[in-house]
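Protein chains in written order, with our numbering: chain A, 1 to 432; chain B, 1001 to 1432. Backbone N, C-alpha and C fix where the C-beta goes; we use that ideal spot for every residue, glycine too. In this text, all values refer to a predicted model and were calculated from it rather than measured experimentally. This report concerns only the one structure given below.
Protein chains: 2
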Amino acid sequence: VESHNLEQIKDLFSHLVEEEIAEILESTPLKERQILWEAVESTRQGEILTHTNDEVTANLLGSLEAHEIVEITEDLETDDIADIAQSLDSSDQQTLLASLDEGDRNAVEMALTYPEDTAGGLMSTDLISVRADVSLDVVLRYLRTLGELPESTAELFVRDREGKFVGSLKLTVLLTHDEDTLVQTVLDSHIPGIRAFTPAKEVAHFFEKNDLLSAAVVNETNQILGRITIDDVVDIIREEAEHAQMASAGLDEDEDIFAPASRAAKRRTFWLGINLLTAIFASMVIGLFDASIEKIVALAILMPIIASMGGIAGTQTATIVIRALATGKLARSNSRSLLIKETTVGLFNGVIWAVLTGLAVLFWFSDVALSLIFASAMLINLLVAAFAGAMIPLILQRMKIDPALASGLMLTTVTDSLGFFVFLGLATIVLL
Amino acid sequence: VESHNLEQIKDLFSHLVEEEIAEILESTPLKERQILWEAVESTRQGEILTHTNDEVTANLLGSLEAHEIVEITEDLETDDIADIAQSLDSSDQQTLLASLDEGDRNAVEMALTYPEDTAGGLMSTDLISVRADVSLDVVLRYLRTLGELPESTAELFVRDREGKFVGSLKLTVLLTHDEDTLVQTVLDSHIPGIRAFTPAKEVAHFFEKNDLLSAAVVNETNQILGRITIDDVVDIIREEAEHAQMASAGLDEDEDIFAPASRAAKRRTFWLGINLLTAIFASMVIGLFDASIEKIVALAILMPIIASMGGIAGTQTATIVIRALATGKLARSNSRSLLIKETTVGLFNGVIWAVLTGLAVLFWFSDVALSLIFASAMLINLLVAAFAGAMIPLILQRMKIDPALASGLMLTTVTDSLGFFVFLGLATIVLL
Chain A
1 VESHNLEQIK DLFSHLVEEE IAEILESTPL KERQILWEAV ESTRQGEILT
51 HTNDEVTANL LGSLEAHEIV EITEDLETDD IADIAQSLDS SDQQTLLASL
101 DEGDRNAVEM ALTYPEDTAG GLMSTDLISV RADVSLDVVL RYLRTLGELP
151 ESTAELFVRD REGKFVGSLK LTVLLTHDED TLVQTVLDSH IPGIRAFTPA
201 KEVAHFFEKN DLLSAAVVNE TNQILGRITI DDVVDIIREE AEHAQMASAG
251 LDEDEDIFAP ASRAAKRRTF WLGINLLTAI FASMVIGLFD ASIEKIVALA
301 ILMPIIASMG GIAGTQTATI VIRALATGKL ARSNSRSLLI KETTVGLFNG
351 VIWAVLTGLA VLFWFSDVAL SLIFASAMLI NLLVAAFAGA MIPLILQRMK
401 IDPALASGLM LTTVTDSLGF FVFLGLATIV LL
Chain B
1001 VESHNLEQIK DLFSHLVEEE IAEILESTPL KERQILWEAV ESTRQGEILT
1051 HTNDEVTANL LGSLEAHEIV EITEDLETDD IADIAQSLDS SDQQTLLASL
1101 DEGDRNAVEM ALTYPEDTAG GLMSTDLISV RADVSLDVVL RYLRTLGELP
1151 ESTAELFVRD REGKFVGSLK LTVLLTHDED TLVQTVLDSH IPGIRAFTPA
1201 KEVAHFFEKN DLLSAAVVNE TNQILGRITI DDVVDIIREE AEHAQMASAG
1251 LDEDEDIFAP ASRAAKRRTF WLGINLLTAI FASMVIGLFD ASIEKIVALA
1301 ILMPIIASMG GIAGTQTATI VIRALATGKL ARSNSRSLLI KETTVGLFNG
1351 VIWAVLTGLA VLFWFSDVAL SLIFASAMLI NLLVAAFAGA MIPLILQRMK
1401 IDPALASGLM LTTVTDSLGF FVFLGLATIV LL
């Protein structure tokens, strides 16, 4: 940034689309980000904010006055205005709402009444609907009077006389049928409207299942409220898949990668604190056997290997189960089969690694008894790790706790503590 | 499955779309899966196979004779036939290709020449293209003679007299402009064709950047070869995001969750083997200090806490860096800023947890010197963990090794071995 002057930056930005500028802003440290942001033409700032993640959006909005926010949102669709309004404090939000004409204000206020991660929060009110009892000819003439159709329009929504949603009319159908045909004879009524309170995750699933490009959002009486398009769904799918990855380290997928270090540290501290408790618990297990370790130091040297192998084996199983749960492939009916399969995998791996590591210990310490104890502890820990790796996410899911978030730490608690306990316990009984 | 008879299953399937049946098959253990598969009408089997993941597809195809495979693929689009052909052994593949008419065979053979994860491997040849120098009226009449347009058609591709791709004609534009208008005056020429060898990941990025519903795939001379639609891109995005999650546990995102236990165990064994080497290395570090542990057993009790906290802190940083690399947000220009930020976070967290855990150790063991040593080791390990968590994925990326796959194990090697070394080393110098 420093090596370019403002004119060069402006020139560069003029060759980029809004998504690209949003990505650049997300990839830029805070101080330089502010400089770049000010180099963006104000007419493009609104569109760019619809592509940045929540935390970056809030960061960029922070530098604007209320009247500037009103200006940059002028040309946005109502769902995007609602998104931005959600990141504002209530006085700025009121100023923004007051600046809109009545139709847009109503649309934005409606969007704000639905949680962000529901169909209502995702929808745009920018859609075209037609009556079922008119002919295609009427529809064609109506479209021509509009002059321009909303972006990504692949179908029109069809309503009956009471304004209720009855189906959709694909543009491809409109183009290939006779002009005298009535809309109601060629509309696609297989795809129902999506209720406004449907969670985003189910919306994505609905789109994928039916290969949709757009879908109508309806209220309880089946009146059309808005539409959701495939580009919203792509965002949902990306965020959902990233959630699992980030949550397993106690992180949020909306995190600004250049958030101030102090704020980032504060967030992560909680996770480290929880981990500390589980680590202390494992240490207390070791503490039970301090007399054994004092006599046979090899125990202290070898015990981390058992814990580590259990942790990896359990994590492999847990990762598969968490993913199967997230994609809806695991339910009560097949979880028993998966549990049996994973435990069998644990048994196979347990036997293989018990033999191999037992031989390694024999070679290293030339102690047959120690080697047998190590092998037994390895077998038990790998077997339990697989079982726990499958059970913990299943139990958490049933308790309505996010398995992606909590499984890892709970699993490590089991594999560490149990690994130490079995190995040190067996050694204490047999060797001392 | 056992509790339902075949008729009930067939009845249930008749109410489901192919995507749903594919999901059910993926979610069913192997033996029952075969029973369900045989209950599927053969006219739907081909379409279902296009929705199952690679390993499940191969499993289901395994039960079919070559002539059955020919039958079920009869009604598929050529890109889907190519997908299935890719999972067949070469004699079945030849039988399948021989059964196609010349046009389809050429299309499938062309698709097979491109790797599966490139634009050429993803594209379908089922598209409509029109000449640039005709009027919209001609296009409208042409579409009406076709009667039906390919699924998810939102735009037509426009070619010049030599068949070269010059842009796309959105259906929305076609519907809102005067019939006398020439195609070339209203076509959208901003979006270039995608070269056939473009990697899938870049295709997805291109779609997201430009908010596309479909795009043309072209050869080196800009001739139209096929088209990619947004539903293919949704699959790419999902797989890519899941890859990071699965790879961190050494797993493949294409894995059949009900693969036979012996096969699953064999795959995971490699990962456990690599982990064993790193665990043995950490144990050897402990072995260096066996005399110290013999004298002060508290060292053996406390050392796993330092390793564990370092592992978690490092993983948090690595997860953020891996994700930023995968989404293209991290490059040479901003990696230094991120490294500084993450190391600062590590310093903050190091100080906080050094103080807190130091006090806990003082309370537990009533030993001031031990407590100070513990706190110092904690600070050093958290600081190094953050630095290594950021550096390791960056270095792996530069070495063209998948950071999602290898970062975790390398990081644990550092945080475990270093944690043990610093803590036991300091204790040996100061206390003994």
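query	result
Beta-carbon gap between F387(A) and A282(A) smaller than 8 Å	no
Span of the alpha helix (DSSP H) around E1240(B)	I1230 to A1247
Per DSSP, cross-strand counterpart(s) of S1135(B)	L1182(B)
Identity of the residue in A427(A), L277(A) and P260(A) nearest V414(A) by Cα	L277(A)
Three-state class that DSSP yields for E47(A) in the structure shown	helix
Where A279(A) meets chain B, residues with beta-carbon distance less than 7 Å	P1304, I1305, S1308 and M1309
The ligand PLP heavy atom lying under 7 Å from the CB of I1069(B)	The model depicted lacks the ligand PLP and carries no ligand whatsoever.
Touch test, the region 116 to 133 of chain A against the region 194 to 203 of chain A, Cβ-Cβ under 8 Å, three pairs minimum	yes
S335(A), buried or exposed, once every other Cβ within 10 Å from all chains shown has been counted against 16	buried
Minimum Cβ-Cβ distance from V1158(B) to chain A less than 8 Å	no
Chain A residues whose Cβ lies nearer than 8 Å to that of W1037(B)	Neighbours of W1037(B) on chain A: none; closest Cβ ~15 Å, over 8 Å.
Ranges of the alpha helix (DSSP H) found wholly within the region 184 to 222 of chain A, counting only runs of at least 4	200 to 210
The alpha helix (DSSP H) enclosing L1156(B), as first and last residue numbers	It is not in any alpha helix (DSSP H) - L1156(B) instead sits in the beta strand (DSSP E) that spans E1155 to R1159.
Boundaries (first-last residue) of the alpha helix (DSSP H) holding S1063(B)	S1063(B) -> no alpha helix (DSSP H), and no H or E assigned at all.
C-beta neighbour in chain B for F423(A), strict 8 Å	no
Straight-line gap, T1172(B) to N219(A) (C-alpha atoms, nearest Å)	27 Å
Among D416(A), P260(A), A259(A) and S308(A), nearest to N1275(B) - alpha-carbon criterion	S308(A)
Inter-residue Cα distance where the pair is G167(A) and S129(A)	10 Å
For K170(A), the nearest candidate out of T95(A), V56(A), E155(A) and T357(A) (CA to CA)	E155(A)
Given T428(A) as reference, the closest of A369(A), M410(A), A404(A) and L409(A) once Cα atoms are compared	A369(A)
Cβ pair count under 8 Å reaching 3, the region 340 to 359 of chain A against the region 377 to 391 of chain A	yes
C-beta contact flag for F1374(B) and G1358(B) at 8 Å	yes
Inter-residue spacing [alpha-carbon to alpha-carbon] between A1249(B) and I312(A)	7 Å
Chain A residues whose Cβ lies nearer than 7 Å to that of N1210(B)	V17
Limits of the unbroken beta strand (DSSP E) element including V1017(B)	Unbroken run through V1017(B): none, as it is neither H nor E.
Span separating the alpha-carbon of A1066(B) from that of S1090(B)	11 Å
Neighbouring residues, chain B, relative to E26(A) (Cβ below 7 Å)	K1329
Chain A within 8 Å of P1029(B), Cβ atoms only	yes
Contact residues within the region 1280 to 1297 of chain B, judged by C-beta distance below 7 Å to chain A	I1280, A1282, S1283, I1286, G1287, D1290, I1293, E1294 and V1297
Environment of D1416(B) [buried if 16+ CB atoms lie within 10 Å]	buried
Terminal residues of the alpha helix (DSSP H) in which F1374(B) lies	V1368 to R1398
Distance between A1300(B) and A39(A) (C-alpha atoms, nearest Å)	57 Å
Chain A contact residues for M1246(B), given Cβ-Cβ distances below 9 Å	T319, I320 and R323
Short CB-CB distance (under 8 Å) between G358(A) and chain B	no
Within-8 Å CB hit, Q1094(B) to chain A	no
Selection from A1354(B), D1402(B) and F1013(B) that minimises the alpha carbon distance to R1323(B)	D1402(B)
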